[in-house]
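Going by the UniProt record's numbering, the sequence shown opens with residue 1, and the numbers climb by one from there.
Beta carbons are placed, not taken as given, at the ideal position from N, Cα and C, and that holds for glycine.
A quick write-up on the structure given underneath.
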Amino acid sequence: MFEETISYSEEETAELAKRFAGTLPARQILFLEGDLAAGKSVFARALIRELAGEPDLTVPSPTFNLLQVYETPIGPVWHYDLYRLKEPDEIEELSWNDALSSGIVLIEWPERLEHLKPEGITVAIEPISGSPNSRKITIS
């Protein structure tokens, strides 16, 4: 799977995430890559809401507690934000093995996993210079 597109707004990024959600199997690992404020949380929020079938679902960023779990019709969605992870092995304390064996695992800042990073699909979100709301989004 490979797709590259330009999003010109948060709304377009959310629409892409919704379409992408419809293609996911019940078990999948997704890596969201991008700098701070690149749009990872916008993508994650829209994807989770679509999978849950609840467009108004509250989806906070799991930055402070590192993990939020959502029950959806196709199984759990494990949303990790590893920005504050100090050591890769700390992931074991966050139901990591359970997450890998069930549902969809959505990981922001996956590079923090280092040697523990499993195989998965990468969603890379990059701001476009000179266009503050535009993003290049690559799914591979």
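Where residue i falls: helix, strand or coil (DSSP)
i           : result
N65         : coil
S131        : strand
residue 146 : Only positions 1 to 140 of the chain appear in this structure, which leaves residue 146 out of reach.
R84         : coil
D56         : coil
I91         : helix
L116        : helix
A37         : coil
residue 154 : Lying outside 1 to 140, the shown extent of the chain, residue 154 is not represented and no answer is given.
I74         : coil
DSSP bridge partner residues for residue i (one or two, in chain order)
i    : result
K136 : I6 and E126
H79  : Q68 and L106
K121 : The question names Lys, but residue 121 in the sequence shown is Ile. DSSP output for I121 lists L30 as bridge partner(s).
C-alpha distance - residue i paired with residue j, whole-angstrom precision
i    : j    : result
I104 : P60  : 17 Å
P73  : G53  : 8 Å
W71  : V77  : The question names Trp, yet the displayed sequence has Glu at residue 71. Looking at the two C-alpha atoms, the distance is approximately 6 Å.
P110 : I29  : 11 Å
E3   : R49  : 22 Å
L16  : E87  : 32 Å
D81  : E119 : 17 Å
F64  : S95  : 16 Å
K18  : L36  : 22 Å
S134 : H79  : 24 Å
I91  : Y8   : 34 Å
Y83  : Q68  : 14 Å
S101 : I125 : 27 Å
Beta strand (DSSP E) segment containing residue i, residue limits
i   : result
E33 : Q28 to E33
Residue range of the unbroken alpha helix (DSSP H) whose run includes residue i
i    : result
S101 : W96 to S101
beta-carbon residue i near the ligand SAM non-hydrogen atom, thresh 6 Å
i    : result
I125 : In the structure shown, the ligand SAM is absent, as is every other ligand, since no ligand is present at all.
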